[in-house]
Amino acid sequence: MAIDVIRWTAALVLTTFFMSQTVLCSALTRTTHCEFHNETLCAETGSEGCNETQECDAPEAEKRVHCFVLWENSTEGTPAIKMKGCFLHNVECTGHPQCVGTTTRKGLMFCCCEGNMCNREFSWAPELSVQTTQETFPVGPTPPQINKPLFFILFPLSLLLVAIIAVIVYCTCRHKKTPYFNEVPTMEPLPLPPSPNMGMRPIQLIEVKAKGRFGAVWKAQYKTELVAVKIFPVHDKQSWQSEQEIFKLAHMRHDSILRYIGVEKRGDGLQSEYWLITAYHDLGSLCDYLKANNLTWAQLCHVAESMSRGLMHLHEEMGPTKTEGYKPAIAHRDFKSKNVLLKSDLTACIADFGLALVFQPGKPCGDTHGQVGTRRYMAPEVLEGAINFSRDAFLRIDMYACGLVLWELATRCTAQDSAVGEYQLPFEEEVGQHPTLEDMQECVVHKNKDL
């Protein structure tokens, strides 16, 4: 008896051990490389984008990276691959070492998996659909004869009941969110609404509110609404196009992102002007507001939180929904207090996307990005020219600049022991108001100076 107990105990211990090892190995599965394929890129170049190896960006804490395949069946019945590559965190993909598709949408099939190059091979195993039959409930032994009048009454009622249940289930499922298939980066985002081109609408320019490298920002009247009109000269048409492309991306309607209204071209030839029309905020930029106003602790927290939410939304990659397409991650690359506007309730909203960089899935960032942005807000690695050209590196550069803006807020807050001093830009005491690149390198890099 004692020997049997010992055997059972040993078996239980070993079973527990191996199960824990299996769980541990599963938890430690980390995807760093996936097979990459882009049908459009492959067709255009003949080689680039065809079954290459893609290095996946490191995920955020407590998130994972997966591989995916998007394909359709050709007329010959063979799979025609549309896209392969890395896919950011999705719980539906966790714990699947093989890429097996189970759902289809508009003729496209999708699968995702976990593990290096796990999307090299893929298969299709659709979920079996439950067919409604006329036999609904099991019955006992069949009687010798059926009560025909009762049968002709109950049978139509049963069919009616089944039809009602089917309609209810259909309506319920229709309003539920489509499974993770909708959240993958497809070849093209879902169609966006037509561009709100103003088409020479009656806009009355009132006064210039700001001037910069791009041209000028005007306060203007459009019907009953005050709007801001950013006017680009003809030689800066590319900046106008770049900025409106950012605004037209999916999911860019956000409380802490400047509201986009439309675009317009005025004039011809060398007299052409390119207009970008957005919401108008009377308080102006955060920089201008801090020059004339102090902040309470509550106001500081509100500005800082709304500003951070806007930057987080800009950096976030978002899957397509029923109403909007896929939104890639975006780096601002010129984040500063001048490019943060304040609404009437001191909610911050981010503006000026002329230098923004969009990170399309499966496409490299490139290695030709120079030292762009405002020198005062440049991160040490930008000043040194030692940029790691990855998505996370560019997003961290934005976060460094955001930290400097938070410092600006703190210096104008009344919740401090000493008196609130005059407003100063970051490092203004050390390098003045118009620093050169060498001034900033000496101050930030060589002296390793902290605020």
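Going letter by letter, the sequence shown gives residues -25 to -1, 1 to 426 in mature numbering (1 follows the signal peptide of the UniProt record, and there is no 0). Note that CB positions come from ideal geometry on N, CA and C, so glycine has one too.
C-beta atoms of residue i and residue j nearer than 7 Å
| i | j | result |
| --- | --- | --- |
| Val44 | Cys17 | no |
| Trp272 | Ile206 | no |
| Gly237 | Asn13 | no |
| Leu321 | His256 | no |
| His8 | Lys38 | no |
| Cys377 | Leu286 | yes |
| Pro295 | Phe334 | no |
| Ala323 | Val278 | yes |
| Cys86 | Cys61 | no |
| Leu245 | Leu384 | no |
| Ala55 | Glu47 | yes |
| Val192 | Lys184 | yes |
| Asn269 | Val395 | yes |
Same chain only: Cβ atoms within 7 Å of residue i, ignoring 5 sequence neighbours per side
| i | result |
| --- | --- |
| His288 | His229, Ser231 and Ile232 |
| Pro72 | Cys88, Glu89, Gly90 and Cys93 |
| Arg284 | Ser231 |
| Glu291 | Ala304 |
| Trp215 | Phe207, Tyr249 and Leu251 |
| Ala267 | none |
| Arg95 | Glu10 |
| His421 | none |
| Phe(-8) | With a pLDDT of only 41 at Phe(-8), under 50, the local geometry of the prediction cannot be trusted, and no value is derived from it. |
| Ala33 | Asp367 |
Supposed close pair residue i, residue j - CB separation, criterion 8 Å
| i | j | result |
| --- | --- | --- |
| Tyr221 | Val204 | According to the sequence as given, residue 221 is Ile; it is not Tyr. Contact doesn't hold; Cβ gap of about 18 Å is too wide. |
| His226 | Glu299 | 6 Å |
| Gln399 | Thr386 | 7 Å |
| Arg350 | Met415 | 5 Å |
| Leu83 | Lys59 | Not confirmed; about 13 Å, so no contact. |
| Asp211 | Gly190 | 6 Å |
8 Å CB neighbourhood of residue i in its chain, flanking five on each side removed
| i | result |
| --- | --- |
| Val419 | Met353, Pro355, Leu358 and Phe402 |
| Arg308 | Leu330, Ala331, Leu332, Val347, Gly348, Phe369, Ile372 and Asp373 |
| Asp392 | none |
| Thr6 | Cys31, Arg39, Val40, His41, Cys42, Cys61, Glu89, Gly90, Asn91 and Cys93 |
| Glu158 | Here the model assigns Glu158 a pLDDT of 37, short of 50, so the residue's position is not dependable, and the following value carries that caveat. Hits under 8 Å: Asn65, Gly294 and Pro295. |
| Ala390 | Thr271, Trp272 and Leu275 |
Spatial neighbours of residue i in its chain, beta-carbon cut-off 6 Å, leaving aside the 5 residues before and after
| i | result |
| --- | --- |
| Phe328 | Glu218 and Ile221 |
| Glu182 | Lys194 |
| Pro118 | Residue placement at Pro118 is poorly supported in this model, since its pLDDT is 47, which falls under 50; the coordinates still yield a value, given next. So no residue of the chain qualifies. |
| Ser247 | Val209 |
| Met282 | Val315 and Ala323 |
| Tyr375 | Ala354 |
| Leu180 | Trp193 and Ala195 |
| Gln29 | Cys9, Phe11, Gly60 and Cys61 |
| Ser98 | Val75 |
| Glu413 | none |
Beta-bridge partners of residue i, as assigned by DSSP
| i | result |
| --- | --- |
| Ser98 | Val75 |
| Tyr197 | Ile178 and Glu200 |
| Met58 | Asn13 and Leu45 |
| Gln29 | Cys9 |
| Pro208 | Glu248 |
| Met293 | Lys302 |
| Arg80 | Leu83 |
| Arg241 | Glu248 |
| Phe334 | Ala304 |
| Val192 | Ala185 and Lys205 |
Could you tell me whether the region 255 to 269 touches the region 306 to 322, where touching means 3 or more Cβ pairs closer than 8 Å? yes
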